[in-house]
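Quick mapping for you: the protein sequence lines, in order, are chains A and B. Quick note, the working numbering runs 181 ahead of the 1-based positions in the first sequence. Each step along the second sequence adds one to the number in the working numbering, with nothing skipped, and position 358 is 338. Note that CB positions come from ideal geometry on N, CA and C, so glycine has one too. Right, one structure below, let's go through it.
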Amino acid sequence: MTLTVPALRARAARRRRHRPLSVRLAAAFLLVVAGTGLLAPLLAPHSPDTTSLVNALAPPGTPGHWLGTDSTGRDVLTRVMYGARLSLLAPLGVVLLSAALGITTGLVAARAGGRVDAVLSRCMDIVFAFPSLLLAMIAVAVFGPGLAAPVCALAVSYAPFLGRIVRSVALQEGARPYMEAYRVMGFGELWVTLRHLLPNVAPVLIAQGTLSFGYALVDLASLSYLGLGVRPPDADWGSMISQAQSAILQGAPWSGIVPGLAVLLTVVSVNVIGEHVGGSISGRGKEET
Amino acid sequence: MPRPRPAALAAALLTTCALAGCSSGGEQAAEQADAPRPTTSVPAATQDVDTVTWNVPSGEPPVLDPAHAAIDSVSTITANMCESLFTFGPDYEREPALATGLHQPDPLTYVFDLREDAVFWNGDPVTAEDVVYSVERVLDPGLGSPWAGWSARLDGVEATGDHEVTVTMAEPDVLVPNFFATPAFQVVQRDFAESAGAGFGTASGGLMCTGPYRFDHWSQGEEITLVRHDEWWNTEDRARVRNLRFTFVTDPYAQAAALSSGDADGQFGVPRAAHAQLAAEGSMLYGESLAPTFLAVIDQDGALADTATRRALQAVVDYEGIVDSVYQGAAEPLRALVPPAAWGYAEDEYQQAYDALPAPVQDIDEALDQAGRSTTAEETIVLAYTTAVEEETQIATALADAAAQAGLHVELKPLTAEQFGAVFSSEQAREGIDAFLTTGYLDFPEPLAYYQYFTTGSFYNFSGYSDEEYDAAIATALALEDPGARAQEVVRAQSIMAEDLVTIPIATQYVNVYYGPGLAGLVPRQNHLYTPWAVELGGR
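In structure tokens, the structure reads:
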């Protein structure tokens, strides 16, 4: 099938028109969150670490503290804005690292085959069977608190998900006639893999990557909640929820609810987009077959 | 990999909101309840109660051996089972327990007259040999009892009659008589302990004491139950609660829920955040404590080497904010390491000296000025604290921010309860830490007991602080029987410490207790750790 440029543009415009409202809302929300995180020093009304014990647990609507203050008097809105930085950046790091690991492992397993495939697949099975949070906690215990260790541990833990998908798609693509044609034409294995195989598995990776982002965000928030993530007084949503526990007992739940909602809505938004991307890929696949 | 469950997250948030009472939460928090005040007496219990469930917030005790009753999970329970030769009265006055009298033929000799009608739970009488065995057992290095420290100047303990025991000191030590009412002198039955061996005080081995409650059952991970000892010698203070059941809920949120729902009838050390809610449901009471919360400098060569830097750090402590906001009024600011409630004698002397201590600078500009004069103010101060104590997390966070505003660089080092515990026992764990925030307590109201920890070479003198004049004052005080003269030496040491700021006192928080609406009689006192507090408890 051959399509002209105007025809391609028309198809793209049709797809945009058919993009559901939920996807557009999710994308807008993520843009706003990422934007406020990025511009927090310009937009935030206070410094994220400025405490004021006399203003502790001020309720939402207090002048100067529109989302209230936490148990040490820090502005909740400011900390949620600053918290977006680490809360989004760390999961992104997990996704990128796990993608690099997973793609490499999956492609090597699929292209090498035989014993290499068997060994790599069993390795992926072993890592797959290990709970990601537990691995991250062990990493913190060994390397000390902070985000670097859990990000690396989660990346290792997530890598088999992408690795398995990449291996599976690569095996399917590798069996197709066009791959054989390239080999017959004398192109090298690496060139064929990078130039032709990888682009074909990329859409699946993007869909899985978006979903992984949501998982990573929740896992990292859980670690921060347990006091194993960011170092105080840095703000991130998980640690904010953790620090709000006593405030909730005192009938002042806002310092936990606001970052809790931020986690919830971000994960929902990422999932909505991820599922849409996944659906579009499978739809396009059907369309093109 | 589990999928994130947005619906579940939403439900959890809504549940949290409902539990916390979102609609009225703002009003509750905005309204500052009246500041708590220590309670000194409550109406006595008038009814017998079959079973009381008491939660131990520090968790399940590792063992129920009174020789190891130095952590509150052990002492809170063993205090109702095992008795010392003496006990503490409401104001820490020494009252007879297994000994009816004490006399000193000379300053180095203590002779105890033992009670003749005291029996162990199995009906056997308490003998002088049991007492000597119990005291020597605590001193056995193989047992590793934290109560062995009193014996530094001990010469010997021996049975000098059927109902008489004599303790002889090699050198005078005025602190020693205070230990007669602590677990250092709690009596266990010799035959039982010897036959139980290493199993003494464990779930399977049990224990044998004389107190108002006897050990009944220990279901590990779940509960410990005690049953009233009806043959207890003290018929005047008969316990009104027949069965005492101890649970070990450590999560503050779960503690509040258990106390509110009645799953637990009471608890010492209720999480601060739950006080307002529980005060409306039962008796939420406070008592003065012998516990200071303070910053301890543990590296005299690091960022806090310079006294000016320490003084600047002290200047940024928001005492008022900490008492009002962090402790919600259930504390008092401190100017010396030992709180006023621990002045067990010569109160006027101590008060006068306390008032004369320099008040902490509470002016950021002056703090900046002081820090500017310091040679180490540019260095980063590593401040450790435990995340297991919410109040200390808040204080450390506020302190770090205030210090930053004053031009000091404070790096927070949050530690788990286990990591923080290691700081007290391992030099390696203290590596890289300049100071830590902690709460300690005195076992009895004798300031000397705490200040002696900062003499040259003391185990707890982590910073290696050494001052000849300080050491001399403490050494002199340890040998002075006269309370007034002793107080003079102690306050001399106190003022040296205040000048050098080896510790930066912050606040003394009240001890607290909660019990449900059907109970009465218990006044919160810190000495509940070593006295049979449950005999005060009963039905309303």
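Exposure of residue i, with buried meaning 16 or more beta-carbon neighbours within 10 Å
i, result
"V213/A", "exposed"
"A336/B", "exposed"
"H197/B", "exposed"
"F195/B", "buried"
"S125/B", "buried"
"A13/B", "Low confidence applies here, because A13/B scores a pLDDT of 48, under 50, leaving its location unreliable; read the following figure in that light. By the neighbour-count rule (16 or more Cβ atoms within 10 Å), A13/B is not buried but exposed."
"V300/A", "exposed"
"G5/B", "Unreliable positioning characterises G5/B in this predicted model, as indicated by a pLDDT of 37, which lies under 50. The coordinate reading is nonetheless provided below. Buried is the call here."
"Q521/B", "Shown here, chain B extends from -19 to 520; a query on residue 521/B therefore has no answer."
"N236/A", "buried"
"F324/A", "exposed"
"E371/B", "buried"
"N60/B", "buried"
"P192/B", "buried"
"W34/B", "buried"
"R505/B", "buried"
"E216/B", "exposed"
"L224/A", "exposed"
"I307/A", "exposed"
"R534/B", "Nothing about residue 534/B can be reported from this structure: the residues present for chain B run from -19 to 520 only."
Proximity of residue i and residue j at Cβ, strictly below 9 Å
i, j, result
"Q294/B", "L481/B", "yes"
"D414/B", "V362/B", "yes"
"R410/B", "F442/B", "yes"
"V337/A", "L282/A", "yes"
"R17/B", "Y266/B", "yes"
"P152/B", "L458/B", "yes"
"L417/B", "I486/B", "yes"
"V118/B", "W127/B", "yes"
"V168/B", "A79/B", "no"
"G249/A", "V439/A", "yes"
"T140/B", "A108/B", "yes"
"V32/B", "T56/B", "no"
"A50/B", "S64/B", "no"
"T231/A", "D256/A", "yes"
Residue i, DSSP secondary structure in three states
i, result
"A244/B", "coil"
"R466/B", "helix"
"A300/B", "For the sequence presented, residue 300/B should be read as Glu rather than Ala. It is helical."
"A79/B", "strand"
"W101/B", "coil"
"F165/B", "helix"
"P485/B", "strand"
"P313/B", "strand"
"L84/B", "Here residue 84/B turns out to be Gln, not Leu, going by the sequence shown. Reduced to three states, the DSSP call for Q84/B is coil."
"G466/A", "Confidence in G466/A is poor, its pLDDT being 49 and thus under 50, which makes the residue's placement too unreliable to answer from."
"P46/B", "helix"
"W372/A", "helix"
"A139/B", "strand"
"I454/B", "helix"
"A500/B", "strand"
Run of the beta strand (DSSP E) containing residue i, from where it starts to where it stops
i, result
"T89/B", "89 to 94"
"A364/B", "360 to 366"
"A276/B", "272 to 277"
"R225/B", "221 to 227"
"H529/B", "The shown model of chain B, from -19 to 520, leaves out residue 529/B, and the question about it has no answer."
"G432/A", "No beta strand (DSSP E) contains G432/A, which DSSP labels as neither H nor E."
Residue interval of the alpha helix (DSSP H) (run including residue i)
i, result
"Q332/B", "327 to 336"
"T56/B", "52 to 58"
"P427/B", "427 to 431"
"A403/B", "Reading the sequence as shown, one finds Val at residue 403/B and not Ala. 397 to 403 is the extent of the alpha helix (DSSP H) around V403/B."
"V413/B", "Correcting the residue identity first, residue 413/B is Ile in this sequence and not Val. I413/B -> no alpha helix (DSSP H), and no H or E assigned at all."
"W418/A", "418 to 424"
Residue i beta carbon near the ligand ATP (any heavy atom closer than 8 Å)
i, result
"G242/A", "The ligand ATP is not among the ligands present in this structure, which contains no ligands whatsoever."
**OP:** For the segment 361 to 381 of chain B, enumerate the residues whose C-beta is nearer than 7 Å to any C-beta of chain A, in chain order.
**Re:** The residues in question are T367, E370, Q374, T377, A378, A380, D381.
| task | Give the residues from the segment 298 to 313 of chain B that approach chain A closer than 9 Å (Cβ to any Cβ), ordered along the chain. | result | Listed by position along the chain: D298, E300, G301, I302, D304, S305, V306, Q308.
Practice item. Return the residues of the segment 243 to 269 of chain B that lie within a Cβ-Cβ distance of less than 9 Å from chain A, sorted by chain order. Key: Cβ contacts with chain A come from P251, R252, A253, A254, H255, A256, Q257.
For the segment 229 to 241 of chain B, which residues have a CB atom closer than 8 Å to at least one CB atom of chain A, in sequence order?
Within the segment 229 to 241 of chain B, the qualifying residues are P232, Y233, A236.
The segment 409 to 439 of chain A: positions lying closer than 8 Å to chain B by Cβ: Along the segment 409 to 439 of chain A, the positions whose C-beta sits under 8 Å from a C-beta of chain B are R412, P413, P414, Q424, Q426, S427, A428, I429, L430, Q431, G432, A433, P434, W435, G437, I438, read in chain order.
Any residues in the segment 390 to 410 of chain B with a beta carbon nearer than 9 Å to a beta carbon of chain A? Which ones, in chain order? Within the segment 390 to 410 of chain B, contact with chain A at the beta-carbon level (separation under 9 Å) is assigned to E391, L392, K393, P394, T396.
ask   = Just by C-beta distance, which residues in the segment 217 to 231 of chain A are closer than 8 Å to chain B?
value = Residues of the segment 217 to 231 of chain A that bring their beta carbon within less than 8 Å of a beta carbon in chain B comprise D230, T231, in sequence order.
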